[in-house]
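Structure first, commentary second.
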Amino acid sequence: MSESDVSTTGSPYAPHTPAETAAMLDALGVDDIDALFDVPESVAFDGEFGIEARGERETRRTATQILRRNDSLTEFLGRGHYEHYVPSVVDDLSSRSEFLTSYTQYQPEVAQGFLQALFEYQSMLVELTGLGVANCSMYDEATALGEAATLSQRVRSVSGDRILVPEQLRDGKRAVLENYADGPGLSVESYAMADGQADVDALADAADEDVAMVYAETPTVRGLVEENLAAIGDVATENGALFCLGSDPVALALLERPADVGADVVVGDAASLGTGTAYGFGLGMFVTREEYLRQIPGRLVGVSEDAAGRRAYTLTLQTREQHIRKERATSNICTNQAWVALRAAMHAAWLGPQGLVDLANESVTRAEGLAARLDEVVGIQAPVHDGHHFREFVAHTDQPAQAVVGDLADEGFAVHAIDEHLIQVCPTEVTADDEAAFVDALAEVAK
Amino acid sequence: MIYNQAQWVDDEDDKYEPLLSEKAERTVDIEDSPLPEGLTRDSLSLPDPAEPELARHYTRLSQMNYGVESGPFPLGSCTMKYNPSFTENVAALPEAAVHPDRPDSTLQGTLELCYRLQDYLGRIGGMDAVTLQPPAGAAGEFTGIQIAKAYHRHNDDERSEVIIPDSAHGTNFATAAMAGYDVVELPSADDGRVDIDALEAAVGEETAALMLTNPNTLGLFERDIEEIADIVHDAGGLLYYDGANLNALLGRARPGDMGFDVMHYNVHKTFATPHGGGGPGAGPVGVTEELGQFLPDPHVREANGGYEHYAPDRSIGKVHGYYGNWPVLVKTFAYIARLGDSGLADASAKAVLNANYLAEQIPYDVPFGPFHHEFVASASPQDAADAAKRMLDYGVHPPTTKWPEIVDEALMTEPTEGESKRSLDQLAAAFEAVHGEDDGTLADAPQRTAAKRIDQVSAARSPRLSWQALDY
């Protein structure tokens, strides 16, 4: 079929034949569809957006041509957005239209499949964190952190409006938190870090009874396994503050259980499973203690029974939600990332516990191995920080970091520039075959 | 039409499809880790199915789920449209899979697509600038209200109240509260529209904004929109457009032309990207030129023959860690580019035709009118929730129930343009059948779905939210 044969008049997805349209208008007793629009002349629009309709094939070609203007780079990029290999079966199963084209499970009797999948997702997060309750998704880790801050204000026994976060924090995360903090009047303040991890003494000095929440991350934004989690948790507890820990499901498969170090809330981005690199597309995790159950934002799937006496699943505790409680809701989140959560659960189940632990172990060895190789390169010292690395590390460049990043892009590689002479590098199994070429390229540009 | 949803029952324990953990759970001890013992957990227990088992599990779960491609899904205000396969295909292009922290110069394709989509959405909404960052409609509301707040602050004119009609989406109320505003609820007039006198009484120097959708959730166009805009603007407030119902107006009217200053687009509703069981969506926000300086950082503009990110002068900062739900935006771009002027206008035309036709065919009382894309029928004296459960047995998803509260036992129905006359007749037949049934039949429904009627009360009374909380 040639392009000119493709109809581009009218919506291709409105199935009405002219005869059916006529019959429907006839049933309504009007001559044309215009008669059904109740729009005053003074605000009527003539319909000319200046967007030309195209056939499907032409649209695909246009979109492909635009996206191909991206340079083809091998990305050694992380800092919160990671590419791990996603098995094909996740793409196929999650794309089944009964999942993909369904809505929020307001009628649980016909939505058991999705509800069970979300219940399984919640359960996996409970296992990974050791905490009692996970919701079935927020937008991303930054918004989940914002929700944790407002939760801390709701559940804390004494008043106080300070939120303490590490000084080394992804800019985007801090900026989102500032917006969430603005409404309830929380102030976001930094505590010092030492060598890529929390400076616990500085944190203890900064903390007082006006602190509602202390936030820490493992791995930290610089890729270090945080070794002081229990001590950070103690500082929070001593001041009556909530301890919120940021992480991700791959790291949690291996690192200390958040419950064991005193975490009250775990947030993070679970898109490290099931999604791959999609320009920052996220899946916010939100896991907390059972005692905060009625203050949790977002959707929860629970177990009940149906009239046949069988176990069945349903959205529950909806009285926390905005369609019932309006301005007294625990959050405005309505549409969330359910389908992304489905994919993450599928990916975790495909890996199984040993596969997930192996992936986490590899995230340690691969980062430390590549750092050691880069340290051999003239003009590079790596890693900059002492400690154990997970997935990524920071390297010092004798050349200005921006110049190194620009020159590396010309060679076909992408890394972060995070300071004047600091770059950050994140290898995963996806970039494994490109490591040797990357080391060679860096050797060329770092001299 | 009679419907029987697939149902998988394990004959040993008489439960529906077992949990993955019941099929294949495995515990591994953490040993031989490159990390010292003190930094690792002791063990990890997760399902460990082989891939064929995994495939069968999720295939069975999908069969126990109902989507738009299963049948009619006229969930009012949720706008469940057909989702074209080709937009999925475009979003899955390998060139779309990039890390957000790459230098702008290496991401010209992604930035160009963002720029073009900003432009498309601006034209469609009659807005001067559009941010793509908010990851959902409610996130768009939050962004819009933060922009309004930033605008008032910039003018040294901090205000404390947001006005919201009683028929509005619940997210509006939650958003205003989340942003720190007091909510002033506006009662509807007898005709279901904004009560101008009540609005006059509600506005004042504390009014930061009025949040409004048009057509409203009753499917009614706010004919006095220009007067409403004047009242709000004269008081120094801004007019916020909730774009949840925009599918009713494509090519017929634009929020910008009606006097709205800031709006969000629910692109997963209006531009047919799938709802995915409750997300991901995307909620781009459009603003007038005056408000452009407050948009989130980064924004995309043309520069030096290409495209670049920049931070607007008085940006509110960020509402998502990166750039929003990018794959959803790619689908939106593809959908708009495919339909163009004629397709978008036709989508609205057929959506409005379908809603009116269906409203005419059903036996339930439908107060108010004339309608645009959706209508609210009253199931009274039947219980709307029970009637909805019974509709499931007829192979259709029921409307939204018991909301808005203005209509007794509300059945809020939105068929969208994707339904043919034949499927609308099927929907009408389902309404007709349920209308004629007694309370006992309704209370015992549904009978033909994967699960029978689920006890919601006990789920909330003794919450069990993970398999760890079950005795199995």
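Chains as they are written, first to last, in numbering that gives the first Met the number 0: chain A, 0 to 446; chain B, 0 to 471. Using N, Cα and C, we set each Cβ at its ideal position, and we do this for glycine too.
Does DSSP put B/L211 in a helix, in a strand, or in coil? Here residue 211 of chain B corresponds to residue number 212 of the second sequence, with the count starting at 1. Looking at B/L211 - three-state DSSP - the assignment turns out to be strand.
With a cut-off of 8 Å, does the C-beta of A/S1 fall near any C-beta of chain B? Indexing the first sequence from 1 puts residue 1 of chain A at position 2. Summary for A/S1: the model assigns pLDDT 41, below 50, so the residue's position carries little reliability, and this model does not support an answer.
Let me make sure I understand the geometry here. Which of B/V8, B/Y2, B/P99, B/N215 has the alpha-carbon closest to that of B/P326? Position 327 of the second sequence holds residue 326 of chain B. Residue B/P99 is the option with its Cα nearest to B/P326.
What did DSSP end up calling A/P17 once you bin it into helix, strand or coil? Here the question's residue 17 of chain A lines up with position 18 in the first sequence. If DSSP states are grouped into helix, strand and coil, A/P17 belongs with the helices.
Given this structure, state the Cα-to-Cα distance separating B/Q467 from A/G171, to the nearest angstrom. As a position in the second sequence, residue 467 of chain B is number 468, starting the count at 1. As a position in the first sequence, residue 171 of chain A is number 172, starting the count at 1. Whole-angstrom Cα-Cα distance: 35 Å.
Cβ neighbours of B/F72 in the same chain (closer than 7 Å, five flanking residues each side left out): Along the second sequence, one-based indexing puts residue 72 of chain B at 73. Correct list, in chain order: M79, H396.
Is any beta-carbon of chain A found at less than 8 Å from that of B/E11? Here residue 11 of chain B corresponds to residue number 12 of the second sequence, with the count starting at 1. At a cut-off of 8 Å, the C-beta of B/E11 has no neighbouring C-beta in chain A.
Kindly list, in the order they appear in chain A, the residues whose Cβ is closer than 7 Å to that of B/F220. Here residue 220 of chain B refers to the residue found at position 221 when the second sequence is read from its first residue. Within chain A, the residues near B/F220 are D37, V38.
Amino acids of chain B, ordered along the chain, whose beta-carbon sits closer than 7 Å to that of A/H15: Reading the first sequence from its first residue, position 16 is the one you call residue 15 of chain A. What A/H15 touches in chain B: K349, S419, K420.
Inter-residue Cα distance where the pair is B/S341 and B/P102: In the second sequence, residue 341 of chain B corresponds to position 342, counting from 1. In the second sequence, residue 102 of chain B corresponds to position 103, counting from 1. Straight-line measurement puts the Cα of B/P102 at about 37 Å from the Cα of B/S341.
Partner residues on chain B for A/V132, Cβ-Cβ distance less than 7 Å: If you number the first sequence from 1, residue 132 of chain A lands on position 133. L464, listed in chain order.
Alpha carbons only, please: which of B/M257, B/L38, B/A197, B/G139 is nearest the one belonging to B/G125? By 1-based counting over the second sequence, the position of residue 125 of chain B is 126. Scanning B/M257, B/L38, B/A197, B/G139 for the CA closest to the CA of B/G125 turns up B/M257.
Taking contact to mean at least 3 C-beta pairs separated by less than 8 Å, is the stretch 366–377 of chain B in contact with the stretch 29–41 of chain A? Segments in contact, yes.
Is there at least one Cβ from chain A nearer than 8 Å to B/A387's Cβ? The residue you call residue 387 of chain B lines up with position 388 of the second sequence. Judged by the 8 Å Cβ criterion, B/A387 is in contact with chain A.
First and last residue of the uninterrupted alpha helix (DSSP H) at A/S87: Sequence index remark: in the first sequence, residue 87 of chain A carries index 88 (1-based). Here the alpha helix (DSSP H) through A/S87 covers 87–93.
Measuring only between beta-carbons, confirm whether B/G342 sits less than 8 Å from chain A. Here the question's residue 342 of chain B lines up with position 343 in the second sequence. With 8 Å as the cut-off, B/G342 counts as an interface residue toward chain A.
Do you know how far the Cα of A/P17 is from the Cα of A/V265? In the first sequence, the residue the question calls residue 265 of chain A occupies position 266. In the first sequence, the residue the question calls residue 17 of chain A occupies position 18. Rounded to whole angstroms, A/V265 and A/P17 show a C-alpha spacing of 56 Å.
Kindly identify the DSSP beta-bridge partner or partners of A/D283. As a first step, residue 283 of chain A is located in the first sequence; it is residue number 284 there, counting from the start. Reading off the sequence shown, one finds Gly at residue 283 of chain A, where the question assumed Asp. A/G283 pairs with A/M137, A/D268.
Over the uninterrupted alpha helix (DSSP H) stretch that includes B/E418, give me the two end residues. As a working mapping, residue 418 of chain B is identified with position 419 in the second sequence. Looking at the DSSP string, B/E418 is not in any alpha helix (DSSP H), and its letter there is neither H nor E.
Taking B/V8 as the reference, give the member of A/A201, A/L441, A/G112, A/L150 with the closest Cα. As a first step, residue 8 of chain B must be located in the second sequence, where it is residue number 9. Among A/A201, A/L441, A/G112, A/L150, the Cα nearest to that of B/V8 is on A/G112.
When you compare the CB of A/H415 with every CB in chain B, is at least one pair closer than 8 Å? Here residue 415 of chain A corresponds to residue number 416 of the first sequence, with the count starting at 1. With 8 Å as the cut-off, A/H415 counts as an interface residue toward chain B.
Got a sec: is the Cβ-Cβ distance from B/L426 to anything in chain A below 8 Å? Sequence index remark: in the second sequence, residue 426 of chain B carries index 427 (1-based). False, the Cβ-Cβ gap to chain A never drops below 8 Å.
Pick out whichever of B/N246, B/A5, B/E413 has its Cα sitting closest to the Cα of B/G75. Working through the second sequence from its first residue, we reach residue 75 of chain B at position 76. For the residues B/N246, B/A5, B/E413, the minimum Cα distance to B/G75 belongs to B/E413.
contact_flag[the stretch 126–143 of chain B, the stretch 274–292 of chain B] where n(CB pairs < 8 Å) is 3 or more: Result yes; three or more Cβ-Cβ pairs closer than 8 Å.
Can you give me the C-alpha to C-alpha distance between A/H322 and B/V161, rounded to a whole angstrom? The residue you call residue 322 of chain A lines up with position 323 of the first sequence. The residue you call residue 161 of chain B lines up with position 162 of the second sequence. A/H322 and B/V161: Cα-Cα distance of roughly 18 Å.
Any beta carbon from chain A within less than 8 Å of B/D256's own beta carbon? Counting from 1 along the second sequence, the entry for residue 256 of chain B is found at position 257. So yes, B/D256 belongs to the interface.
B/N88 versus chain A: which residues are under 8 Å apart at the beta carbon? On the second sequence, position 89 is the one that residue 88 of chain B refers to. Those within 8 Å of B/N88 in chain A are R59.
Which full runs of the alpha helix (DSSP H) of 4+ residues lie inside the stretch 240–302 of chain B, going along the chain? Those alpha helix (DSSP H) runs which fall completely within the stretch 240–302 of chain B and span 4+ residues are 254–257, 266–269.
Measure the C-alpha to C-alpha separation of B/P362 and B/H434 and round it to an integer number of angstroms. In the second sequence, counting from the first residue as 1, residue 362 of chain B sits at position 363. In the second sequence, counting from the first residue as 1, residue 434 of chain B sits at position 435. C-alpha separation (whole angstroms): 7 Å.
Given a cut-off of 8 Å, decide if B/T26 and B/S32 are closer than it, judged by their beta-carbon atoms. As a position in the second sequence, residue 32 of chain B is number 33, starting the count at 1. As a position in the second sequence, residue 26 of chain B is number 27, starting the count at 1. Judged by their CB atoms, B/S32 and B/T26 are not nearer to each other than the 8 Å cut-off.
With a 10 Å radius around its C-beta and 16 neighbouring C-beta atoms as the bar for buried, classify A/A13 as buried or exposed. Counting from one through the first sequence, the residue named residue 13 of chain A turns up at place 14. Burial of A/A13 is indicated by the presence of at least 16 other C-beta atoms within 10 angstroms of its C-beta.
Are the CB atoms of A/G46 and B/A344 within a distance shorter than 8 Å? Stepping through the second sequence from its first residue, residue 344 of chain B is reached at position 345. Stepping through the first sequence from its first residue, residue 46 of chain A is reached at position 47. Result yes, Cβ atoms of B/A344 and A/G46 sit closer than 8 Å.
Going straight from the alpha carbon of A/G354 to that of A/C333, what length do you get? Sequence index remark: in the first sequence, residue 354 of chain A carries index 355 (1-based). Sequence index remark: in the first sequence, residue 333 of chain A carries index 334 (1-based). Going by C-alpha positions, A/G354 is about 33 Å away from A/C333.
Outcome for B/R421 when other beta-carbon atoms lying within 10 angstroms are tallied against a minimum of 16: Start at 1 with the first residue of the second sequence, and residue 421 of chain B comes out as number 422. By the neighbour-count rule (16 or more Cβ atoms within 10 Å), B/R421 is not buried but exposed.
If B/E225 sits next to A/S41, beta carbons under 8 Å apart, how far is it from one beta carbon to the other, in whole angstroms? Working through the second sequence from its first residue, we reach residue 225 of chain B at position 226. Working through the first sequence from its first residue, we reach residue 41 of chain A at position 42. At roughly 6 Å, the Cβ-Cβ gap stays under 8 Å, so B/E225 and A/S41 are in contact.
Let's see if you can read the secondary structure: which residues bound the alpha helix (DSSP H) around B/I230? In the second sequence, residue 230 of chain B corresponds to position 231, counting from 1. Under the DSSP assignment, B/I230 falls in the alpha helix (DSSP H) whose first and last residues are 224–233.
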